[in-house]
Every structure is written in structure tokens, then in C-alpha cells.
């Protein structure tokens, strides 16, 4: 599927390709960031994700901090590549973004304390990272 087809399906609350697991979320964000500015992608994806969750009968699944943090991480990685990439190239070079482990928080565990990501505030508003990072 093209980025435009992925976005169109998602904005109509349909799972592009029929499934919507964590790696599928990343694929959709990649499509938005390939097409729109960062802030437009953030706004459009967040709104579409909230509609998608509601259409699936799970409006409470939306988590603003997780959503925004992944958008910013994906954007950073896209720019860090130094050139436009296909989805396949991006996915191959960034496997740490594609796996989500509920118990550990995936890559976000590098940036956030568990209590922060599990907070009611983090679900409804973007919370800045609160964990020291050593590079």
C-alpha cells in the first residue's frame, strides 16, 4: 500500500492491511510524517487514532504521551537517516521502534519512568520525558 492509501484507510477508521498492532501504528505514523510537516502529522494522526479507537469501541485506549513520543521519535529517526527512506528501509534500520512490550514500555522505558507513563495525566496530555538518559 502507498502512504496515501494507508492514511486514507486509517482516517476512515479502517486498519490498513487488516491489522493494527504496534508495528502497524509505526507504519501509519511513518506515512503521515512522509506526507506532512511534523506538527500537521502529529495533529492528524492523533485525531485519526482517537477516532479509530472509538470506532473499535475502545476510546479509552488512546494515550497522548505514548502517541506523541512515538511521533517525535520516528521523526527524529527519519531525519537522522540523512535521506528519504522507504518504509522497508526505515523498518530494517529501526527495529527498536517496532516492538512494544507492555511490561517494559518498549523504547519509551529509556525516556520515562513507569509511573509517569501509567499516570492519568500522561494519558490525556503529553508529558515530557522524566528519566535520565546516558548516551
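In the working numbering, the protein residues as written are 958 to 1092.
Built from N, CA and C at the ideal position, the CB exists for glycine as well.
Note that this is a predicted model, so its numbers are computed, not measured.
Annotation: residue 966 to residue 973 spans about 6 Å, alpha carbon to alpha carbon. For residue 984, the secondary structure class from DSSP, reduced to helix, strand or coil, is helix. Around the beta carbon of residue 1012, a 10 Å sphere encloses fewer than 16 other beta carbons of the protein chains shown; the residue is thus reported as exposed. The residue from 1005, 990, 964 with its alpha-carbon nearest to that of residue 1033 is 990. Nearest in C-alpha terms to residue 1065, of all of 1000, 1084, 994, 1050, is 1084.
Rounded to whole angstroms, the separation of the alpha carbons of residue 1039 and residue 1054 is 18 Å. Taking a cut-off of 8 Å on C-beta distances, the region 1071 to 1090 touches the region 1015 to 1029, as three or more cross pairs fall below it. Taking the C-beta atoms as reference points, residue 1074 is found no nearer than 7 Å to residue 1088.
The Cβ-Cβ distance between residue 1010 and residue 999 does not fall below 7 Å.
Pairing residue 1047 with residue 977 gives a Cβ-Cβ distance that is not under 7 Å. Taking C-beta separations shorter than 8 Å and ignoring five residues to either side along the sequence, the partners of residue 958 in its chain run 966, 973, 974, following chain order. In this structure, the CA atom of residue 1076 is about 30 Å from the CA atom of residue 964. If you ignore the 5 residues before and after residue 1031, its C-beta comes within less than 7 Å of the C-beta of 983, 986, 987, 990, 1054, all in its own chain and listed in chain order. Its Cα nearest to that of residue 1007, the residue 971 stands out among 1056, 971, 1057, 1068.
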